[in-house]
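So the sequence shown is numbered by my numbering: it starts at 189 and just counts up by one.
Here the structure comes first, spelled out in structure tokens, and everything after it is commentary.
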Amino acid sequence: MNIEPFVVASSVIAVLSQRLVRRICEQCRQPYLPTDAELDFFRDGGGVQPLNGFWHGAGCTFCSQTGYQDRIGVYELLRLSPEMKALVPNKPTYEQIRTLAQAGGMRTLRQEAVRLVAEGVTTVSEVLRSIYML
189 MNIEPFVVAS SVIAVLSQRL VRRICEQCRQ PYLPTDAELD FFRDGGGVQP
239 LNGFWHGAGC TFCSQTGYQD RIGVYELLRL SPEMKALVPN KPTYEQIRTL
289 AQAGGMRTLR QEAVRLVAEG VTTVSEVLRS IYML
């Protein structure tokens, strides 16, 4: 955009990224065993085996046989801390920004999505479909 880095550093407060994922239908929700690829994605994202197991919707009249009903947001909020503002004029790489943001407590979209899966709100396949398959 040809904006000088010092202007960005002085005017941006935060950057928000969001995606919507479908919620598992409460009427037809049942336990299931995820595929190996889904488990790998879940574990790589920092997920720990949920105490109540993994869930999915079997499909019913309430959800029009989809297994999902309603949606929930998955968010990633990058706040520009003083350290980040000092880094921006030096034109940092994506990796430098990400490392500093995560050191400051930022939770990524993947971490938030994995949390929702662990809580039984959505499924790994829905996360992969809606966040990573654009």
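No residue lacks a Cβ here, since even glycine has one placed at the ideal position from N, Cα and C.
All figures in this text were calculated on a predicted structure; none of them were measured in a lab.
Name the residue from the options whose alpha carbon lies nearest to the alpha carbon of residue i.
i: Ala-306; options: Thr-281, Gly-233 and Arg-286; result: Gly-233
i: Arg-298; options: Val-200, Thr-281, Arg-317 and Asn-190; result: Arg-317
i: Ser-198; options: Met-321, Gln-290 and Met-272; result: Met-272
i: Arg-231; options: Ala-301, Ile-260 and Tyr-320; result: Ala-301
i: Thr-296; options: Arg-267, Pro-193 and Pro-280; result: Arg-267
i: Asn-240; options: Phe-229, Gly-308, Leu-304 and Asn-278; result: Gly-308
i: Arg-303; options: Gly-293, Gln-237 and Asp-224; result: Gln-237
i: Gln-290; options: Ser-269, Ala-274 and Asn-278; result: Ser-269
i: Cys-248; options: Pro-222, Glu-226 and Gln-215; result: Gln-215
Residue i and residue j look like a contact to me (Cβ under 8 Å); what is the Cβ gap, rounded to whole Å?
i: Cys-213; j: Phe-250; result: 6 Å
i: Glu-314; j: Tyr-220; result: With 8 Å as the limit, Glu-314 and Tyr-220 do not qualify as a contact, their Cβ atoms being about 13 Å apart.
i: Arg-210; j: Thr-310; result: 6 Å
i: Gly-261; j: Leu-208; result: 6 Å
i: Ala-202; j: Leu-265; result: 6 Å
i: Val-135; j: Val-312; result: Residue 135 cannot be examined here, being either before or after the span of the chain that is shown, 189 to 322.
With DSSP collapsed to three states, give me the class of residue i.
i: Ser-205; result: strand
i: Pro-222; result: coil
i: Ile-212; result: strand
Which ranges does the beta strand (DSSP E) cover as unbroken runs of at least 3 residues, wholly within the segment 243-294, from first to last along the chain?
Whole beta strand (DSSP E) segments, 3+ residues: 256-267.
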